[in-house]
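Remarks on the structure that follows.
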Ligand SMILES: Nc1ncnc2c1ncn2[C@@H]1O[C@H](COP(=O)(O)OP(=O)(O)OP(=O)(O)O)[C@@H](O)[C@H]1O
Ligand SMILES: [Mg+2]
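Protein chains in written order, with this note's numbering: chain A, 1 to 369; chain B, 1 to 296.
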């Protein structure tokens, strides 16, 4: 577990204040601790994903940033400014609600213009900006319709337009694609990413879909039971999840008990075998850890045909051909089974019962406590 | 012996015919109900309103349209009073019921159902009894009048009973649940996210109410005001028990024409005039509030 950038104070990269900064934020509902002394900073102009299983406190965190819930403890800053205790209508953030919450009694034009009208923007400006924003979400010409006359995907875009038109400092999105079917969701993922690039506003996107988070986000915070387990780029947290929770939440992995032999050289023992990992990944002071390897990082070879640093002997237990790849289930010499996925690029295929060697590189090995 | 297939297809056809009859059969009880208890009396009433003659000599149908003119010109004061009292009572009911319904819908929490039962509670007592109770409450030596005198809202020899105020208050009290329930239903339906979205888009609580909550509760406002205004305009119990002939409403006139004076044609003509007057008021109201559009 990491508490990211702790003690870094109020400034992020190049002395700029963070777009969002949460310090020691706790939220209790009676006995339930929904968010547990959370520290979180989000840089300017990021596509930031808050990822985690159901009930881990994502929505609560987002609602506290938006001002719909007040933290029990802790402070919330937006661009360095303390906004804790400020009402939602006095915060420079806007929200895309999961249910969209478009106003059914107003036209699309008035829905999108709602925020500007409250800020007493002149009619001519309102008209121009609504036009521009509808163009941004590619729904020009829908001005006179009512929300009920739009498809789910179109309503989604209007909800986005209604928030973006106000040029918020931060845009909050709570599972905005949750109600869309798979195909539309994929389209909207790309669309959201494009829009974020175009407007250059920090997006905080809540989702429980790891693939969605990986596709869209520049950085991901993985939440579990009210705190942040891991924060980093999709690549970093996938390759080095640092906790078994994060490892299993982001795709599948083979986890094996290991004993630390030589911390400085990254040498560990699994059973009678010695394996090597990147030394920095071994947590200091730990004697017993788990090492993990992603199935696609495990090579399947005929015995003796590999020169890889880390190897394990095993027998093929099961083979499934998936088209682009082949999945092997291997009974290893440790008595555990491991999954390995091989691209079907013309290499040798193995059959159940065959003796094989599993091989992998130190940089493809992660360590968790 | 007959051909098996022919028998079967004949059976299928008759089954099909029977199936097609089902919706009409289902409509039958309701249709008969309406015909017997609504359309027939209406036609009967319309016929009566065009009769001439006297109770002693008998009434004859004679296209006597003058019943309408005579009825209206003789009782225009009661007509106007009915509309004024009913309108005022509706306004008062609305002002009381809206905050009440709002509170139950948004702040009621787990007491919602209990609070609703309390709103409906007066219905458990007969209309007449409730109004008689008000007669006691508003009595000249009752504590309400005493209190109002003490704070100077009623003059020393003033009274509440037998005044327009009492009649309007009685109507407002009696129809409060009719206003509260539809308002509650429409407010309860509003997703909390709607109001949060308004706040998110820089609307303070007042603006959010004005621009989002209230417009979304419009169907309830229209239903509640109609459910109060229409029966209130035709009401006679409140005026009779809490007022004097000086406060009599068109309902009292119709009642006495029918039951005391036995002038059926004019009573029927007055009933129709009242119905048309109410229709003339509510159709523009529904148009103006755009409820059809909101419901669609
Ligand atoms: N208003 C509330 N009252 C009581 N408990 C609440 C309230 N809101 C949230 N909780 C609790 O707080 C915890 C976190 O809830 P939250 O809605 O933030 O989860 P989430 O990560 O958004 O989950 P999901 O993916 O299912 O939306 C849950 O245990 C939930 O039951
Ligand atoms: Mg949630």
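Even for Gly, the Cβ is constructed at its ideal location relative to N, Cα and C.
Just so you know, these numbers come straight off a predicted model, no measurement behind them.
Cβ of residue i within 9 Å of any chain B Cβ
i: residue 105(A); result: yes
i: residue 349(A); result: no
i: residue 361(A); result: no
i: residue 29(A); result: no
i: residue 152(A); result: no
i: residue 145(A); result: no
i: residue 129(A); result: no
i: residue 332(A); result: no
i: residue 179(A); result: no
i: residue 157(A); result: no
i: residue 162(A); result: yes
i: residue 254(A); result: no
i: residue 166(A); result: yes
Sub-9 Å separation of residue i and residue j beta-carbons
i: residue 187(A); j: residue 208(A); result: no
i: residue 195(B); j: residue 71(B); result: no
i: residue 274(B); j: residue 233(B); result: yes
i: residue 40(A); j: residue 270(A); result: no
i: residue 206(A); j: residue 173(A); result: yes
i: residue 109(A); j: residue 130(A); result: yes
i: residue 169(B); j: residue 134(B); result: yes
i: residue 306(B); j: residue 171(B); result: This structure does not reach residue 306(B), given that chain B is present from 1 up to 296, and the question cannot be answered.
i: residue 133(A); j: residue 171(A); result: no
i: residue 23(A); j: residue 76(A); result: yes
i: residue 168(A); j: residue 92(A); result: yes
i: residue 193(B); j: residue 97(A); result: yes
i: residue 341(A); j: residue 327(A); result: yes
One or two residues paired with residue i in a DSSP bridge
i: residue 73(A); result: 26(A)
i: residue 111(B); result: Partner(s): none; residue 111(B) has no beta bridge.
i: residue 33(B); result: In DSSP, residue 33(B) forms no bridge with anything.
i: residue 337(A); result: 331(A)
i: residue 229(B); result: Answer by DSSP bridge pairing: none, since residue 229(B) is not bridged.
i: residue 205(A); result: 49(A) and 173(A)
i: residue 58(B); result: 54(B)
i: residue 290(A); result: 257(A) and 368(A)
i: residue 263(A); result: Answer is none; residue 263(A) lacks a bridge partner.
i: residue 321(A); result: 326(A)
i: residue 355(A); result: 315(A)
Contact list for residue i against chain A, beta-carbon separation under 8 Å
i: residue 275(B); result: Neighbours of residue 275(B) on chain A: none; closest Cβ ~32 Å, over 8 Å.
Chain B contact residues for residue i, given Cβ-Cβ distances below 7 Å
i: residue 66(A); result: 200
i: residue 95(A); result: 200
Where residue i meets chain B, residues with beta-carbon distance less than 8 Å
i: residue 88(A); result: 196, 199 and 200
i: residue 101(A); result: 191, 193, 194, 196 and 197
i: residue 118(A); result: 201, 202, 203 and 207
CA-to-CA distance, residue j to residue i, given in whole angstroms
i: residue 163(B); j: residue 118(A); result: 47 Å
i: residue 253(B); j: residue 54(B); result: 18 Å
i: residue 25(A); j: residue 85(A); result: 13 Å
i: residue 323(A); j: residue 53(A); result: 30 Å
i: residue 155(B); j: residue 161(B); result: 14 Å
i: residue 302(B); j: residue 139(A); result: Residue 302(B) falls outside the range modelled here, since chain B spans only 1 to 296, and no answer is possible.
i: residue 19(A); j: residue 215(A); result: 22 Å
i: residue 166(A); j: residue 88(B); result: 44 Å
i: residue 98(B); j: residue 104(A); result: 21 Å
i: residue 33(B); j: residue 27(B); result: 10 Å
i: residue 298(A); j: residue 365(A); result: 10 Å
i: residue 277(B); j: residue 50(B); result: 18 Å
i: residue 247(A); j: residue 203(B); result: 43 Å
i: residue 164(A); j: residue 120(A); result: 17 Å
i: residue 151(B); j: residue 183(B); result: 34 Å
i: residue 148(A); j: residue 211(B); result: 18 Å
i: residue 74(A); j: residue 83(A); result: 11 Å
i: residue 253(A); j: residue 311(A); result: 16 Å
i: residue 7(A); j: residue 368(A); result: Low confidence applies to residue 7(A): its pLDDT is 36, below 50, so where it sits in the model is not reliable enough to give any reading.
i: residue 11(B); j: residue 31(B); result: 29 Å
CB contact check: residue i to chain A, cutoff 9 Å
i: residue 212(B); result: yes
i: residue 218(B); result: yes
Contact set between residue i and chain A, taken where Cβ atoms lie within less than 7 Å
i: residue 215(B); result: 105
Residues that residue i contacts on chain B, provided the C-beta gap is smaller than 9 Å
i: residue 115(A); result: 200, 201, 202 and 203
C-beta neighbour in chain E for residue i, strict 9 Å
i: residue 115(A); result: In the displayed structure, chain E is absent; the protein chains listed are A and B.
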